[in-house]
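Chains as they are written, first to last, in this note's numbering: chain A, 1185 to 1389; chain B, 53 to 280. Working notes for the structure below.
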Amino acid sequence: MSGAHDEHGHHHREPESVLSLRVRALESLLIEKKLVSSEAVDRIVGAYEQDIGPHNGAKVVARAWVDPAYRQRLLADGTAAIEELGFGGVDLQVVENTPGVHNLVVCTLCSCYPHALIGLPPVWYKSFEYRSRAVREPRVVLREFGVDLPESVEIRIWDSSAELRYLVLPQRPPGTERLSEAALAELVTRDAMIGVAVVPAPAAR
Amino acid sequence: MNGIHDMGGMHGFGRVEREKDEPVFHAAWEGRVFGLTRAYRHLFNIDESRHAIERMAPIDYLGSSYYERWLDGNVRLLVEKGVITREELERRMAQIAGGSDPAPPHSDPKLLERMLRATRERPHYRQPGPPPRFATGVRVLTRNDAPVGHTRLPRYARGKHGVIDRVHGSYIFPDTNAHGQGQQPHALYSVRFDAAELWGGSAEPCAPVHLDLWERYLKPAAPARSTS
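In structure tokens form, the structure reads like this:
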């Protein structure tokens, strides 16, 4: 396929310099028409680069691990339960991993993702490879991520086709009974909340 | 529409490649595209935005990065809505390349406050509508239309049997909202499909797929003959 490539292997139809110039020109036109404020764009970019990220979702998971009543509320109404911890901006459905069920989140039509809670998705989540294959061969995809589940474990795939966003509540790893809620949150990864990883026991890290 | 964006189940794509220590944005312009899109989301709705990206020529869609597709969709919509023209954008690119920007970034506290207020508002996709026709556990059949416009029923799940897993409530209907035909909110369900129903003999064992589907995508189905 023709087109430019950057150092990350992304495909671009046009060189970075042209893309950068077009975006700059677009912003300039919208400023001129008093439709956007550059400072507002700065703030939005800054928020996603600094404040909003997987660490927010990890706090939700850790709370659910230590507080069974919160876990129940989270599974019944994720949107309301994350608001208890000060997070919002998303209609959230939380799906729970158990010894017999593993959940996997994808968006085959675009790249829907609970970014108000766990930040922007990684490039692989938005890739054609993941979007096309996660629904059809989830076990093969999971093995590529290093998660090899026996056939006795049901894999539930959640294709985010509407305005609800999905978050996986991973299983709490064994050997973490003495850890504090904050220490547990440290163990939780972005990939575990998407469902392409399990949370490893601390000794295995 | 039977678009290139509708990728669920396609063959031909390889391993999912991961990047170590991936930054939030890979270039400054990606962040600007993201921030701009959030900042002017009052100009068009989410369904119009998605459909603008879906209308890219397939070869361009496949050849572009994620934020390149966003940029293409944004420009397409801004032009269609009469906010900017393509000539205006080309001219502005030439001006900036030549060293002069007629509207460089500047401080506008009133506009900033208005925009930040708008970004803090939670989008209200859930809107009152008629009561749901289907209850949890009911077997349904998805429609097998090939609509020319925007839809959120993926191709791989057309004409398939599923079971209502959850009744979500009434939500804005993307198929009309993307085309200026109103929000037409109605019942949205989580529908569970057995892997074998979707992929036949090549299905993996015990790997059901759940989709969030609007009632207008669904028809009642006869109860299943077996318990497979």
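Glycine included, C-beta positions come from ideal geometry on N, C-alpha and C. For clarity, every value in this text was computed on a predicted model and none was experimentally measured.
- For a Cβ distance threshold of 9 Å, nothing in chain A lies close to P237 (chain B): the least Cβ distance comes to about 11 Å.
- Taking a Cβ-Cβ cut-off of 9 Å, P272 (chain B) has no neighbours in chain A, whose nearest Cβ is about 20 Å from it.
- For the pair G181 (chain B) and S1295 (chain A), the Cα-to-Cα distance works out to about 27 Å.
- Listed in chain order, the alpha helix (DSSP H) runs fully inside the region 138 to 168 of chain B are 138 to 149, counting runs of at least 4 residues.
- Nearest to Q179 (chain B) by alpha-carbon distance, out of B:P237, B:L95, B:N54, is B:P237.
- R144 (chain B) is a Cβ neighbour of S1212 (chain A), given a cutoff of 7 Å.
- One finds D1190, E1200, L1203, S1204 in chain A with Cβ atoms closer than 9 Å to the Cβ of A79 (chain B), taken in chain order.
- When DSSP reads this structure, P272 (chain B) sits in a beta bridge with B:V192.
- Residue pairing of T1282 (chain A) in beta bridges, as defined by DSSP: A:V1285.
- No Cβ-Cβ contact shorter than 7 Å links M59 (chain B) with T1282 (chain A).
- With 16 or more neighbouring CB atoms inside 10 Å of its own CB, N1287 (chain A) falls in the buried class.
- Counting along the chain, D246 (chain B) sits inside no alpha helix (DSSP H), nor does DSSP assign it H or E at all.
- For H262 (chain B), the pairing in a beta bridge is given by DSSP as A:W1342, B:R244.
- Assigned with DSSP and collapsed to three states, Y1297 (chain A) falls in coil, not helix or strand.
- Sequence-distant partners of L163 (chain B) (beyond 5 residues in either direction) whose C-beta falls short of 6 Å from its own C-beta are missing from its chain.
- Interface residue (Cβ-Cβ distance to chain A less than 7 Å): W122 (chain B) is not classified as such.
- V1274 (chain A) is not a Cβ neighbour of D1343 (chain A), given a cutoff of 7 Å.
- For V68 (chain B), a Cβ of chain A is located within less than 7 Å of the residue's own Cβ.
- Nearest to L1363 (chain A) by C-alpha distance, out of A:E1338, A:Y1314, A:R1247, A:I1302, is A:R1247.
- At a beta-carbon threshold of 9 Å, the residues of chain A lying near F65 (chain B) are S1311, F1312, E1313, Y1314, R1315, S1316, R1317, ordered along the chain.
- Listed in chain order, the alpha helix (DSSP H) elements of length 4 or more contained wholly in the region 1296 to 1371 of chain A are 1299 to 1302, 1307 to 1310, 1312 to 1317, 1322 to 1328, 1365 to 1371.
- For the pair of segments examined, the region 261 to 275 of chain B was found to touch the region 197 to 216 of chain B: the number of CB pairs separated by less than 8 Å reaches three.
- A distance of 7 Å or more separates the beta carbons of R121 (chain B) and V131 (chain B).
- Contact check between the region 153 to 169 of chain B and the region 1254 to 1265 of chain A: fewer than three CB pairs, one atom from each, fall below 8 Å, which does not count as touching.
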